[in-house]
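Presented below is the structure to which this report refers.
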Amino acid sequence: MRPFAYCVLSFVLSLLTVVPAPTFAEEDATEYTLRYKFTANEFVHYDVDSKNKMVVEKNQAKVITINNTNTLKHYRVIWVDEEGNGTLETMIDRVQMSVKLDDQEAATFDSKQPIEKDLKQFEPIRKSIGNASRIVYSPLGKVVSKEEKPDAQNQGFMIPLPENKVKIGDSWKEEYDVEVSVGKTLRKKVPIRRTFTLESMEDQVAVIKFKTKVLKRQNDPKIGLQLIQKTPSGSIKLDIERGVIISQDVSSDKAQIGIFDGQGAMRAITSRVETLVDPATIAKTDTNTDSK
Numbered sequence: 001m002r003p004f005a006y007c008v009l010s011f012v013l014s015l016l017t018v019v020p021a022p023t024f025a026e027e028d029a030t031e032y033t034l035r036y037k038f039t040a041n042e043f044v045h046y047d048v049d050s051k052n053k054m055v056v057e058k059n060q061a062k063v064i065t066i067n068n069t070n071t072l073k074h075y076r077v078i079w080v081d082e083e084g085n086g087t088l089e090t091m092i093d094r095v096q097m098s099v100k101l102d103d104q105e106a107a108t109f110d111s112k113q114p115i116e117k118d119l120k121q122f123e124p125i126r127k128s129i130g131n132a133s134r135i136v137y138s139p140l141g142k143v144v145s146k147e148e149k150p151d152a153q154n155q156g157f158m159i160p161l162p163e164n165k166v167k168i169g170d171s172w173k174e175e176y177d178v179e180v181s182v183g184k185t186l187r188k189k190v191p192i193r194r195t196f197t198l199e200s201m202e203d204q205v206a207v208i209k210f211k212t213k214v215l216k217r218q219n220d221p222k223i224g225l226q227l228i229q230k231t232p233s234g235s236i237k238l239d240i241e242r243g244v245i246i247s248q249d250v251s252s253d254k255a256q257i258g259i260f261d262g263q264g265a266m267r268a269i270t271s272r273v274e275t276l277v278d279p280a281t282i283a284k285t286d287t288n289t290d291s292k
């Protein structure tokens with residue numbers, strides 16, 4: 001037994017001495033410049049699939065709500081100035097939605113259908129469709145200026161990019177505020193931070209990971225409930241040659257307890273997959289839909 005144990009030990013030690021530890025020289029030290037590139041009269045279309053599951057519990061009762069949504073949206077580059085800032089006209093083109101509460105029949109919405117078929121609960125969705133908003137973005141994804149409209153929404157076309165060149169493993173941050181209700185009329189701002197990291201570079205496509213964090217601890221469960229879907233994490237792919245996002249994969253699974261005066265709990269499981277699509281594909285789909 002001893003000779004065998006000695007051989008095994010010798011073999012393990014030989015592996016430790018033969019395999020060298022990685023050195024800095026072996027790491028990818030290439031620096032990359034991440035920028036959006038806008039071209040006048042360019043159309044950029046996205047297909048977005050969102051899934052949301054809400055589970056609310058109190059004592060022995062449980063209510064489950066499932067919301068599945070498909071959204072088609074686009075932006076058109078109206079103008080590009082000398083600094084590369086792009087004036088974008090953003091728009092939601094179509095929404096298909098299904099909302100199911102427990103074992104009840106799902107309530108559905110399709111913006112392509114006549115407005116007479118809409119259920120009242122979907123009226124705000126209908127109002128958001130086809131309303132163009134203009135936003136001026138810098139090549140770093142910063143909002144230079146925007147046109148305020150009552151029905152305008154933050155449609156998430158851009159993420160902030162780093163000012164300086166970055167290597168794989170480098171990170172940059174974005175800080176912003178989210179408004180929450182603290183009473184019938186009072187509202188307060190909660191600071192949020194998103195941290196982005198260049199994970200890899202694949203055929204001139206930057207893979208960027210991100211995570212989100214609430215910077216100040218919130219002890220009120222009612223405020224925590226409003227923030228439950230505000231701290232997602234995910235992965236974004238940016239084509240650095242074209243200067244356009246080609247996909248976003250975002251998800252969150254968070255829970256908040258004590259939402260009913262110290263009792264009960266809610267869990268929210270969400271996911272969103274956003275994919276760049278060819279405008280020709282969108283036109284073909286619309287033609288097929290209209291012909292039916």
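In this text, residue positions in the sequence shown follow my numbering: the first is 1, and each later residue adds one. Built from N, CA and C at the ideal position, the CB exists for glycine as well.
Secondary structure of PHE260 (DSSP, three-state): strand. Annotation for SER235: the continuous beta strand (DSSP E) segment containing it runs 233-239. ALA206 is classed as buried because its beta carbon has at least 16 other beta carbons within 10 Å across all chains shown.
Residue VAL95 holds the alpha-carbon nearest to the alpha-carbon of ILE129 among VAL95, LEU238 and ASP249. Of the residues assessed, PHE210 falls on the buried side of the cut-off, its CB having 16 or more other CB atoms within 10 angstroms. Take the alpha-carbon of MET54 and the one of LYS73: they are about 25 Å apart. Under the DSSP definition of a beta bridge, SER200 partners with VAL207.
In this structure, THR69 lies away from MET91, with their beta-carbon atoms at least 7 Å apart. Approximately 25 Å separates the beta-carbon atoms of PRO279 and PHE109; this is outside 8 Å, ruling out the contact.
Cβ contact annotation for GLN248 (same chain, cutoff 6 Å, sequence separation greater than five): ILE236 and GLU274, in chain order.
For PHE260, the closest of LEU34, TYR46, GLU31 and ASN59 by C-alpha to C-alpha distance is ASN59. Closest in C-alpha terms to SER271, from the list LEU198, TYR36 and ILE66, comes ILE66. The segment 186-193 makes contact with the segment 167-177, as at least three CB pairs between them are under 8 Å.
If the five residues before and after LYS142 are omitted, its C-beta is found closer than 8 Å to the C-beta atoms of PRO160, all from its own chain and listed in chain order. Cβ atoms of VAL180 and ILE223 come within 8 Å of each other, at about 5 Å.
As summarised for the segment 93-147, the continuous alpha helix (DSSP H) elements at least 4 residues long and confined to that stretch are 123-128, given in chain order.
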